[in-house]
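Asks: Sharing a structure with you now.
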Amino acid sequence: MISPQPTMRAALLATALLCLCAAGAAPADRASTRPPRAPQAASGTIGAFLAGRFAAAQIDTATAADQLLAALHGDPDNPELLIRAFRASVMDGRAEALRLARRLPDNPLAMLLQLGSDALAGRWDRVEQRVRALPRNGATAPLLPVLLAWTQAGRGQSDQALAGLRPIIEQGRFRALNALHAAMIADLSGRMREAERLVRLALADQPDPTLRLALLGASILHRAGRPAEADRLLDQLAGNGDEISLAAIEPARSLVLAGRGVTSPVEGIAEAYVAMAGALRAQGANDEAMLLSRLALRLRPAFGPAMVLVSDVLTEGEELPQAMELLRLIRPDDPLHGVAALRRAGLLERMERRDEALALLREQAASMAGQPQPLIRMGDVLRNARRFAEAAAAYGEAAARIPSLTVRDWPLLYARGIARERSGDFPGAEGDFLRALELAPDQPYVLNYLGYSWADQGLNLERARAMLARAVELRPQDGNIADSLGWALFRLGDLPGAIEWLEKAVELEVRNSTINDHLGDAYWVAGREREAEFQWRRALTMELEPGEGPRIELKLQNGLPREAVPAALRR
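In the numbering used here, the protein residues as written are 74 to 644.
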């Protein structure tokens, strides 16, 4: 059968941030991993503690902060409550976080928060003391040289900052991270030749640059008098064709090249926090990533990468209104503004506010003349709403904006093919699937969709069988593809082969109504009528495609109609 496919949404931005830190412990007090000591105050305190802990687990940051701060008020000397209330306050961006941090002298997260507070106040000597007091192991370790260098830059000692980073860069460990921050320090101090050399080292260490490295690197190269190289770097990012490529095309490109990505040592520290947050997010440590991103936003309140990362974590926690509001706050002069708009449309769809999502996407499509991404996302929204003809039209407009389709565009053709097939335009769909296979011959889902469609209509059966056999090779554990091969064999008259593959498909996709229905048909033709009826009845207990239920009911009453039996299997 046809495999259910997700929309053409691109990978999350968090994986494109500068994730260059080593794996390690999260920047939080190690005691916070122990079972909490129950509050000793009144039941109201205990209730607030339990409510806050539950809210924190659900990433309901506002409720978690309210409840845990209330619990701490009732039991102010409880160390576990103090840590939890502090983390919840940071997570929700509360002012109380700094006050609580002062009560946690050995907590790395509290130390980083106070470090940032001192940096904002220009107390660079105190910042250095805090940097040197940070643990030399765990998640903070890779950033210590960078944080120290930004501290020295904050005191106006850029020469000393660069000298301290130079041997670390030459050793090669975390070279891209250290070289990029050294390049930004050199850029701020007007040493453009050195900034250019350092950013080249960072790029050489990351041949496939992350989003943040590409944007910062292009900005430095452009100011260093290398505009062609800056453009090539952004072209490489734009060439991906996904949503993050919007940060490398106009109007975002002009914003990237017009100014510095980091304009002060304080912003440099925020950049370092987000680098650590991105690494933690890549390891699945969402809470810690969000905490570090919140610290970055205290230093740089409109910092797009930090806002996107926090929004990603909130989205995973189903806190969709909060996630959307954060994305809405990303300013039009931020290169990530276009990316954020597409993300907002996706969140509106998930909240079942499709009309608002479509209106936003139409606005984006009009403002990004020549760019296909908003129209592709519009097609996804329409297809999910089963408005297939409209979806096909949106995908068609998107394709028209691409001068020459390449291998990376096969998903667009595949999506339009699905929309066309579902809207009754099979010739158009067939053309899209065949063109997608010309661009990417071994895409199993395209092979499956076209092969199954042919088999279901009794067309090109031998070619369909070969395509589906190849799809099975590529995805041997996909029950939908196994079903498609079994169905093609059924249509060809190979009943033993059909039953073998349909039984395998049912094993892989136990709760799939179509697969169970197909196996029932094969059993019926094989004379195994009781087993056929069992499979049909089982299919009726599952989620059905429109019109599927009455058709199965008729088979239970009258058996499989003769016209539904392949000619080669008719008795």
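All C-beta atoms in this analysis are idealised placements derived from N, C-alpha and C, irrespective of residue type, glycine included.
If we ignore side chains and look at the alpha-carbon of each, how far apart do L642 and Y522 end up?
Replies: Your numbering for residue 642 matches position 569 in the sequence shown. Your numbering for residue 522 matches position 449 in the sequence shown. Taking the straight line from one Cα to the other gives about 24 Å.
Asks: With D148 as the anchor, note down where its alpha helix (DSSP H) starts and where it stops.
Replies: Counting from 1 along the sequence shown, the entry for residue 148 is found at position 75. It is not in any alpha helix (DSSP H) - D148 carries neither H nor E in the DSSP assignment.
Asks: Roughly how many angstroms lie between the CA atoms of P108 and D150, to the nearest whole one?
Replies: Numbered from 1 along the sequence shown, position 35 holds the residue referred to as residue 108. Numbered from 1 along the sequence shown, position 77 holds the residue referred to as residue 150. For P108, the pLDDT reaches just 39, beneath the cut-off of 50, and the residue's location in the model is therefore unreliable, although a value from the coordinates is still provided. Rounded to the nearest angstrom, the two C-alpha atoms are 17 Å apart.
Asks: Given N533, which residues of its chain have a CB within under 6 Å of its CB, disregarding the five upstream and five downstream residues?
Replies: Position 460 of the sequence shown, counted from the start, is the residue given in the question as residue 533. Cβ within range, chain order: W527.
Asks: Could you give the distance in angstroms between the alpha-carbon of L319 and the alpha-carbon of T388?
Replies: Here the question's residue 319 lines up with position 246 in the sequence shown. Here the question's residue 388 lines up with position 315 in the sequence shown. Distance between the alpha carbons of L319 and T388 is about 21 Å.
Asks: Is DSSP giving A129 helix, strand or coil here?
Replies: Position 56 of the sequence shown, counted from the first residue, corresponds to residue 129. Reduced to three states, the DSSP call for A129 is helix.
Asks: So what does DSSP say about V545, is it helix, strand or coil?
Replies: For this step, residue 545 is matched to residue 472 along the sequence shown. Note: V545 maps to helix in three-state DSSP.
Asks: Residue range of the alpha helix (DSSP H) that T388 falls in?
Replies: Here residue 388 refers to the residue found at position 315 when the sequence shown is read from its first residue. That run of the alpha helix (DSSP H) goes G377 to E389.
Asks: Taking only the alpha-carbon atoms, compute the straight-line gap between I322 and P408 and give it to the nearest angstrom.
Replies: Numbered from its first residue, the sequence shown carries residue 322 at position 249. Numbered from its first residue, the sequence shown carries residue 408 at position 335. The alpha-carbon atoms of I322 and P408 are separated by roughly 9 Å.
Asks: Grouping DSSP H, G and I as helix and E and B as strand, with all else coil, what is R401?
Replies: Stepping through the sequence shown from its first residue, residue 401 is reached at position 328. Three-state DSSP puts R401 in a helix.
Asks: When DSSP labels each residue in this structure, what does A115 get in the three-state scheme?
Replies: Looking up residue 115 in the sequence shown gives position 42. Note that A115 has pLDDT 39, beneath the 50 cutoff, so the model's placement of it is unreliable and the number below is only indicative. In the structure shown, A115 sits in coil (DSSP, three-state: anything other than H, G, I, E or B).
Asks: Three or more beta-carbon pairs under 8 Å between the region 246 to 260 and the region 292 to 310, yes or no?
Replies: Contact between the region 246 to 260 and the region 292 to 310 is present, because at least three Cβ pairs lie under 8 Å.
Asks: Could you check where the alpha helix (DSSP H) with A413 kicks off and where it finishes?
Replies: Against the sequence shown, residue 413 aligns to sequence position 340. Segment H410 to R423, the alpha helix (DSSP H) holding A413.
Asks: Could you compute how far the alpha carbon of A578 sits from the alpha carbon of Q309?
Replies: In the sequence shown, counting from the first residue as 1, residue 578 sits at position 505. In the sequence shown, counting from the first residue as 1, residue 309 sits at position 236. The alpha-carbon atoms of A578 and Q309 are separated by roughly 41 Å.
Asks: Which runs of the alpha helix (DSSP H) at least 4 residues long sit entirely within the region 606 to 639? Give them in chain order.
Replies: Counting only runs of 4 or more, we get 621 to 631.
Asks: Out of P280, G411, E153 and R371, state which residue places its alpha-carbon closest to the alpha-carbon of I317.
Replies: For the purposes of this step, residue 317 is taken as the residue at position 244 of the sequence shown. Cα-wise, what sits closest to I317 is G411.
Asks: Tell me the DSSP secondary structure of P208 in three-state form.
Replies: Taking the first residue of the sequence shown as 1, we reach residue 208 at position 135. Three-state DSSP puts P208 in coil, outside helix and strand.
Asks: Work out the CA separation of G227 and L668 for me, nearest whole Å.
Replies: Within the shown structure, residues of the chain are numbered from 74 to 644, placing residue 668 beyond reach of any answer.
Asks: Quick check on DSSP: helix, strand or coil for Q54?
Replies: No statement about residue 54 is possible, as the shown extent of the chain runs from 74 to 644 and does not include it.
Asks: By the 10 Å Cβ neighbour count, where 16 or more other Cβ atoms means buried, how is T614 classified, buried or exposed?
Replies: Mapped onto the sequence shown, residue 614 falls at position 541. T614 should be labelled exposed.
Asks: I need the straight-line Cα distance from L250 to V347, nearest angstrom please.
Replies: Mapped onto the sequence shown, residue 250 falls at position 177. Mapped onto the sequence shown, residue 347 falls at position 274. Cα to Cα, L250 sits roughly 12 Å from V347.
Asks: Alpha carbon to alpha carbon, how far is L271 from A442?
Replies: On the sequence shown, residue 271 is found 198 positions in, with the first residue counted as 1. On the sequence shown, residue 442 is found 369 positions in, with the first residue counted as 1. Cα to Cα, the separation comes out at about 36 Å.
Asks: Please name the residue, chosen from G497, P500 and G504, that lies closest to L485 on a Cα-to-Cα basis.
Replies: If you number the sequence shown from 1, residue 485 lands on position 412. Out of G497, P500 and G504, G504 has the C-alpha closest to the C-alpha of L485.
Asks: Are the Cβ atoms of I342 and L307 separated by less than 8 Å?
Replies: Here the question's residue 342 lines up with position 269 in the sequence shown. Here the question's residue 307 lines up with position 234 in the sequence shown. No, Cβ-Cβ distance for I342 and L307 is not below 8 Å.
Asks: Is there contact here, the region 454 to 469 with the region 489 to 504, by at least three beta-carbon pairs under 8 Å?
Replies: Yes, they touch.
Asks: Do you know offhand how far V638's Cα is from Y518's?
Replies: Here residue 638 refers to the residue found at position 565 of the sequence shown. Here residue 518 refers to the residue found at position 445 of the sequence shown. Rounded to whole angstroms, V638 to Y518 spans 27 Å at the Cα level.
Asks: Do you know whose CA, among A135, E392, A355 and G351, lies nearest A379's CA?
Replies: The residue given as residue 379 occupies position 306 in the sequence shown. When only C-alpha atoms are compared, the closest one is G351.
Asks: Tell me whether the beta-carbon of L544 lies closer than 8 Å to the beta-carbon of G559.
Replies: The residue labelled residue 544 in the question sits at position 471 within the sequence shown. The residue labelled residue 559 in the question sits at position 486 within the sequence shown. The question names Leu, yet the displayed sequence has Ala at residue 544. In this structure, G559 does not lie closer than 8 Å to A544 by Cβ.
Asks: I need the DSSP call for G227, collapsed to helix, strand or coil.
Replies: Residue mapping note: residue 227 aligns to position 154 of the sequence shown, counting from 1. Correct three-state label for G227: helix.
Asks: Would you identify the three-state DSSP class for V335, choosing helix, strand or coil?
Replies: Residue numbering aside, residue 335 sits at position 262 when the sequence shown is read from its first letter. In this structure, V335 counts as coil in the three-state DSSP scheme.
Asks: DSSP three-state label for L136, please.
Replies: For the purposes of this step, residue 136 is taken as the residue at position 63 of the sequence shown. According to the sequence provided, residue 136 is Thr. The question's Leu does not apply to it. Of the three classes helix, strand and coil, the one that applies to T136 here is helix, per DSSP.
Asks: Counting along the chain, where does the alpha helix (DSSP H) carrying Q530 start and finish?
Replies: Your numbering for residue 530 matches position 457 in the sequence shown. Element bounds for Q530: P517 to Q530.
Asks: Mapping DSSP to helix, strand and coil, what is E582?
Replies: Position 509 of the sequence shown, counting from 1, holds the residue named residue 582. The answer is coil: DSSP assigns E582 none of H, G, I, E or B.
Asks: Can you tell me the Cα-Cα spacing of D165 and H146, whole angstroms?
Replies: Taking the first residue of the sequence shown as position 1, residue 165 is located at position 92. Taking the first residue of the sequence shown as position 1, residue 146 is located at position 73. Taking the straight line joining both Cα atoms gives about 18 Å.
Asks: Figure out for me which residue from P549, L507 and R610 has the closest Cα to the Cα of R536.
Replies: Along the sequence shown, read from residue 1 onward, the residue named residue 536 stands at position 463. With distances taken between Cα atoms, R536 lies closest to L507.
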